[in-house]
Structure formats: C-alpha cells, structure tokens
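Novice:
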Amino acid sequence: MKLKRLAAVLLAGTMLFGATATVSAEEKAADEITIWAWDEAFNIKAANVAKEMYAETNPDVEVNVVTMAQDDIVAKLNTSLASGSYEGLPDIVLIEDYRIQGYLNAYPDEFAVLSDIASPDEFAEYKTGVNQVDGKMYGIPFDSGVAAVFYRTDYIEEAGYTAEDMQDLTWDKYIEIGQAVQEKTGKYMLTLDPSDLGQIRMMLQSAGAWYTDAEGNVTIKDNQALKDAINTYKKIVDSGISKQVADWDQFVGAFNSGEVASVPTGCWISPSVLGAEDQSGKWAVAPFPRMAENEASVNASSIGGAGWYVLKNVGHEDAAKAFLKDTFASNVDLMNQLAVDINLVSTLKASSEAENYNKGVEFYGGQEIFKDFAEWTNEVPAVNYGEDTYAIEDIMTEVVQAIVGGADVDETLEMYQTQIEGAVAN
Amino acid sequence: MTKKVLRTFQYIFLSICAFVSIFPFFWMIIAATNKSVDVTKGTLMPGSYFMENLKAVLSSDLQYTTAFKNSLIISVVTTILAMIVSSAAGYAFVIYRSKSRERVFNIILLSMMVPFAALMVPLFRLFSKFNSVPLLKTIALNTPGAVIVIGISTAFLIFFFRQNTESFPKELIEAARIDGVGELGIFFKIFMPTMKSTYAAAIIVTFMNSWNNYLWPLIALQSPERRTLPLVISAMGSSYTPDYGMMMTAVVLATVPTALIFFLMQKQFVAGMTGSVKG
C-alpha cells in the first residue's frame, strides 16, 4: 500500500524532528544563561552589548538573548510559573515596572533576591520602589521612563514664546502656549489617545500618587491627585489644542509629519522623534509640566520603564546574578555605550558621569539631553504601582471619557470606586 | 425604475464591502515598499524601499527564514496527518454502525465547546512530562511534534467530514465490497478521490489554522530556533519604535503560502464538484 508507506515515512519524519529537538535541549551547558526581552532596537540590543562586554572577561559563559513580544513573555511566564514547569524559561527576564509587583506577590519563591549584587541607593529612587518586597531587592532597574516635553522650537517661537517659557511649566501655561501655537501656526499642541491613559498616569506620578495607595488599596474616590489629573486632562481637551489619535502608529505619525508642536511623554520616544531626519535642529526637550493646583506635583514624572529579574528555579541562578552584577547593576562603560547605541537613559546614578551623557545632540539643537534626562530622573517621585495598574486602567478609560464628556468628577469617581475594587479583587 | 435604484445601492454596498476587505492588503503591500517613517506619516504611494526591508527581515536576529521553515513543516505535516486521521474518523462515524456511535460523537462535539484558554495550563503540564517518556519525546514541549499532535484531530474537522460523508453514495461502497475491495482500500481508493472537493476545503481550513496558530505554539515552543512565523512577527511588532516597513514585508512573505494553498485548492474544489455516480 503506497499510502501506508507514505504515512509511515511522515510519522518517522516527525519523530526525527522530535529527536533532534530533545538532543539540543540536553546539550545546554551549566554556564549558559538565557535572557528574554522584547525590543530588537532597544532592550535586546542592550542585552547583546552587555553580552559582548561580559564575554571579554568571562569567555566561558554562554549568553542567549531571545526576542519575544512583551505580551508573549507575560503569557509564557504565567503558564510556566502556574504549572511549576521551568523547561524553556529564561534565567533573566525583563519585566515592566507596572507589572512586576503582581509577579513578586503571586510567585514570591520564583525570583532571586538580588540584594547581594546591588543596592537600591545606586539607582534613581523612583525605580527601586517597585522591585522591593520586605526590604529585599529583586530586580536591577534598567531604563528610565522619565517624562519630558519634546517640542518644536520653530513652532513655539512662531507663537511668540521662547525656550525659557518652556522651563518650569505648569499645565495652565502649557495650554496657553498651545492655544497661541494653534492660532499662529495652525498646528495642534499635542496628540491624545482616548484609549491610553498615559497622560493621566504621568500627571499622577508627578504628584507622587497612583490609582492605589502605598499598601496597594484602590484609591479612586477622594484621590485629590487623580481628580486634578482628570480635570487637567479635561481642560486640555476642552481647549481644543489636542489632536485625537487612535493608536501608536498615528501618534508617531503626527509628530513625524510635523502636525503637532509637542510630545509630552517618556524619554524613550526619542528614537521615534529622531526618525524624521528632516526635522533635525528643530526639536528641544523641556521638563514635564506640573499641576499648579496640586502642591505635591513637581516638574518630573515617569512613564513605562522596566527592570531585569532573575528566575531562580530555572537552574543558573548564580551565573545569571554574576552576569547582572558586572553589567546592568554597575557597568558605567556599558551605559555610556548604550546612550549612543540605543538612546538609553540609564537609571544607574553613576552613569551621569559617563562621557556620552555630557555631549550635546545636534538633532535637539545641541541640547545635552542625556544629562537633562538623568537629572530629571532623580527628581521623579517614587510610587508603588501595585499589582493592577492595567486592570484598573481598563475601567478608568471609561471613567475619564465620562468626565471629559461632562459628568461630575466626584460623583463619577465615587461610583467607580467599588466597581474597580471588585475588578481587581479577582 | 425601482429596479435600477436597487441595483445602484447593491453596487455601492458591495463596493464598500470590497474596499473594506481589500484595503488592509493594499496597505500591507504599500507599507512593505516604504520606509518606516513614511509609513507612519501615512503614505499611500508605493515606495522603493522593498529590497532594504527584505534585507532587514532576512538578516534580523529573529531568524525569519528558520521560522518560515518551521511553520512550513508544521503546517504541511499537520495538514496531511489531519486529512488522514480526521477524515477516517468522520467516515467511520457514518459508514460503520455501533451502539455508542452517537454518544461518542456527542462527546467529541462537546469538546468543541471548551475554550482553548481553559485547556492551556493542563496541556502544558501534560506535555512537559513527555520528555521523560522515551516514545513520547517526539511530541514533548519544544518540538514541532507538540504543535502537530494538537492539530491533527480536531472536533471541527471530524464534524465536517462526518457531515460530508452523509452525502457520499453508499452504493459505491456496497459495489466495491462485492468486488472484493478491502475496507482500507475503499477508504483510500474510492472515498478519498470522490471527496476531493471536501478534502480541498478541509485542507484550506486546516492549513490556514495551522499556519496562523498562535497561542499553543507560543507556549509549547521555547527555543528561538523552533519558533513559528506568527511568534516571530509578534516579536517584531513589540518594539517601542517598530519598523513598520520591515514588519509588513515579513507579513507579505508570510501571506504567500496561504494564498498559494488557496489558489491551488480552488481548482480542486471546482473539479470535485462534478458528480461521482454515473448511470
């Protein structure tokens, strides 16, 4: 029977694939560590540069760097940790600051304590609030998400303002400038994406507040900072200086094509701004605006950012810790290199001494942006993001839209307090 | 007169539908020929950057070609095995009588109601144990076998083949039996060739499902050199500064095999429509 033979060959074939696969899995050497991260142009490149530097002094350790989408990393960590199966898990994994508390609380025995290879006071204060549990440090802070206003100097000048006016901004002043820009140049001041509460999040952190308090309890009702942030957001929308966008693609497109005069967001947007080479020299960076009506609010905030964590049950805990110790936990040369390679703003305090941090960037009119970013990073108020930032925001987008649409702030926040409490209790 | 108005509306409606379904493909091809910056600026004109994008895709650390090969192996093997196993099951459910036949079939249908997300963790635990069993190593985690085995017998395919076997003329089987053809022979030599159109439809569906399958490969395949295309494309898209040109080039290449399968099978699909029982 011809078909029988065909089937047999196929089955044998699949077995062969399987056999080669298991062999390669068994070959894994003792001193081989795997790192997971998600951005080829950013954190993956950082891991690769670190790997090269580490290889100079430790040629016998093999480091594998694997790119995986952030959501995929989350999905894989969840299934593997939930089922207690460590096969194929990495030794070092990059986890976003907003998510890490959830992991540390749900799987306290899976992550290695890193207090013996680094100390919190070597890093920007706000970064170490999230990676500690009971005074033990579990992560090595990586990138700064320090917030800033990237702005078009030509548009601002045309509107009759100077770089001086952009310093020490309040949101009221920002809106005033925005209206002048719109009048004189016909451009919008910024883009807003109704499905992304990044602006609110940054305003909250500028006042040292969050959707939750220090103990992780949901504080939507009577949260003065949240109220101020939503009111500020509404003011921006009502003033008509914002262009509405629906996704990341349009957000980047708006400033690449010169439709908006400023981009108030994390410093990691810089590579995207640099993408429009024809706008070189027309950009500058200013500190993030504060909310004048909130006394706690300062001209510094953060959005995003991540840290390196070691999974201790995968089998190479010591090798992984040794690697981090010599690279991301201490190496200023590495940070100096990464400033050029990937525009990394490091949260390692010592890196502000690095040579490249004190060089002007031509695209930003010669401004020493790294020095500025590093300085502002140290001023960001520390906030414990808790476990449920994303779950809360799923509901908060509705809340914010309702309030922008005219609903009463106090009433709406009070109404949603219980609903959000219920949503995160699961 | 009213007929004409109705016509016009029909055409307008259909044109809108056509536009909505074709535009994403158009955009994909346009984006693949442009620089990332131009894509975000919203250009709708074909650019001249395709070769650079292609080079970026092929030289990426993500091992695009390896992933392409993996996807191809998994999808082809899954489709072939699924055609044999699932169609045999569907065939047997109609042709052979047994008391518990309906009950077994209902259980299979019930399994369609359980969402895959609920099965994920138990399946993962099960497959992670296979590595210690010599014979099952071939389908353990991190092997193509783990992905293939999940795809070869699905409730949907069995259901699909059972429904279509109902219309298969039983007289053919009886005639063959009288002529002394064995049961396997009837299935392979008579049933399979006559049901070409059914197989063509099933091949298209199975191949596409397998080619686009995301969740299970994501969890089952761990090392980078084992990953399939959807995983690699997803990894490309997660950058803070995504290279849209390169990503869309990767997507264009990934669409080619499914399109090919579809057009190849379409011919069979039509050929199979001609009748089997002749006077």
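As you go down the protein sequences, you meet chains A and B in turn. Sequential numbering from 1 applies to the first sequence in the UniProt record's numbering. Sequential numbering from 1 applies to the second sequence in the UniProt record's numbering. Cβ coordinates follow ideal geometry from the N, Cα and C atoms, glycine included.
So, is the C-beta of B/S238 closer than 7 Å to a C-beta in chain A?
Specialist: By this cut-off, B/S238 is an interface position.
Novice: Under the rule that 16 or more other beta-carbon atoms within 10 Å means buried, what is A/I200, buried or exposed?
Specialist: buried
Novice: What runs of the beta strand (DSSP E), each 3 residues or longer, lie entirely inside the stretch 40-71 of chain A?
Specialist: 62-67
Novice: I need the straight-line Cα distance from A/S85 to A/P59, nearest angstrom please.
Specialist: Roughly 30 Å separates the two Cα atoms.
Novice: Determine which residues share a DSSP beta bridge with B/F25 and list them.
Specialist: Looking at the DSSP assignment, B/F25 forms no beta bridge with any residue, so it has no partner.
Novice: Quick one: grab the DSSP three-state call for B/I30.
Specialist: Looking at B/I30 - three-state DSSP - the assignment turns out to be helix.
Novice: Within 10 angstroms of the Cβ of B/L231, are there 16 or more other Cβ atoms? Answer buried if so, exposed if not.
Specialist: buried
Novice: Would you call the stretch 35-46 of chain A and the stretch 341-353 of chain A in contact, with 3 or more CB pairs under 8 Å?
Specialist: yes
Novice: When DSSP labels each residue in this structure, what does residue 508 of chain A get in the three-state scheme?
Specialist: In the structure as shown, chain A starts at 1 and stops at 426, and residue 508 of chain A therefore has no counterpart that could be examined.
Novice: Using a Cβ-Cβ cutoff of 7 Å, what residues of the stretch 65-82 of chain A are near chain B? List them in chain order.
Specialist: Within the stretch 65-82 of chain A, the residues whose Cβ lies closer than 7 Å to some Cβ of chain B are V66, T67, M68, A69, Q70, D72, A75, K76, T79, A82, listed in chain order.
Novice: My understanding is that A/D39 touches B/S238, with C-beta atoms under 8 Å, so please give their C-beta distance in whole angstroms.
Specialist: About 7 Å; that satisfies the 8 Å criterion.
Novice: Check for me: the alpha helix (DSSP H) holding A/F150 runs from which residue to which?
Specialist: Element bounds for A/F150: not the alpha helix (DSSP H) but the beta strand (DSSP E), 147-152.
Novice: In terms of residue numbering, what span does the alpha helix (DSSP H) encompassing A/E398 cover?
Specialist: Per DSSP, A/E398 belongs to the alpha helix (DSSP H) from 389-404.
Novice: Nearest to A/I95 by CA position, among A/E277, A/Q205, A/A82, A/K76, is which residue?
Specialist: A/K76
Novice: Please compile the residues from chain B whose C-beta is within a distance smaller than 8 Å of the C-beta of A/S301.
Specialist: Near A/S301 there are no residues of chain B at all, since even the closest Cβ is about 18 Å away, more than 8 Å.
Novice: Please name the residue in A/F370, A/A350, A/S351, A/K349 whose C-alpha comes closest to that of A/K359.
Specialist: A/F370
Novice: What are the residues of the stretch 195-219 of chain B that lie near chain A, defined by any Cβ-Cβ distance shorter than 7 Å?
Specialist: L218, I219
Novice: Counting only beta-carbon separations shorter than 7 Å, does A/E165 have a partner in chain B?
Specialist: In the sequence as presented, Glu is not what sits at residue 165 of chain A; that position holds Asp. By the rule that beta-carbons nearer than 7 Å mark a contact, A/D165 does not touch chain B.
Novice: Please say whether A/A261 and A/M202 have beta carbons closer to each other than 7 Å?
Specialist: no
Novice: Looking at A/G208 and A/P381, is the spacing between their C-beta atoms short of 7 Å?
Specialist: yes
Novice: Could you name the residues of the same chain whose beta carbon sits closer than 7 Å to that of A/T232, not counting the 5 residues immediately before and after it, in chain order?
Specialist: Setting aside the 5 residues that flank it on each side, A/T232 is surrounded in the same chain by W171, M203, M291, each with a C-beta closer than 7 Å to its C-beta; the list follows chain order.
Novice: When you compare only the Cα positions, how much space is there between B/L44 and B/D243?
Specialist: 17 Å
Novice: At a cut of 8 Å, does the stretch 16-24 of chain B reach the stretch 39-54 of chain B through at least three beta carbon pairs?
Specialist: no
Novice: Can you find a C-beta in chain B that's less than 7 Å from the C-beta of A/E26?
Specialist: Any reading at A/E26 needs caution, since the residue's pLDDT is 41, under 50, leaving its predicted position unreliable; the model's value is listed next. For A/E26, the answer is no, since every Cβ of chain B falls outside 7 Å of its Cβ.
Novice: Report the rounded CA-to-CA distance for B/R101 versus B/F93, giving the unit in angstroms.
Specialist: 7 Å
Novice: So which residues on chain A does B/M120 lean against when the C-beta distance must stay under 7 Å?
Specialist: T79
Novice: Measure the CB-CB distance between A/Y309 and A/V93 and report whether it falls below 7 Å.
Specialist: yes
Novice: For the alpha helix (DSSP H) that contains B/Q163, what are its first and last residues?
Specialist: 155-165
Novice: Does the distance from the CB of B/N142 to the CB of B/Q222 come in under 7 Å?
Specialist: yes
Novice: For the beta strand (DSSP E) containing A/V383, name the first residue and the last one.
Specialist: Element bounds for A/V383: n/a, residue is neither H nor E.
Novice: What are the boundary residues of the alpha helix (DSSP H) that A/V285 is part of?
Specialist: Not the alpha helix (DSSP H): A/V285 falls in the beta strand (DSSP E), residues 283-287.
Novice: Mapping the DSSP letters down to three states, classify A/G186 as helix, strand or coil.
Specialist: Collapsing the DSSP output to three states places A/G186 in coil.
Novice: Output needed in chain order: residues of the stretch 259-292 of chain A with a Cβ under 7 Å from some Cβ in chain B.
Specialist: W268, P271, S272, G275, A276
Novice: For A/F42, would you say it is in contact with chain B, using Cβ-to-Cβ distances shorter than 7 Å as the test?
Specialist: Chain B, which has a Cβ nearer than 7 Å to the Cβ of A/F42, makes this yes.
Novice: So who's on the other strand from A/R290, going by DSSP bridges?
Specialist: A/T170
Novice: Below 7 Å CB to CB, which residues in the same chain sit around B/F262 once its five sequence neighbours on both sides are set aside?
Specialist: I204
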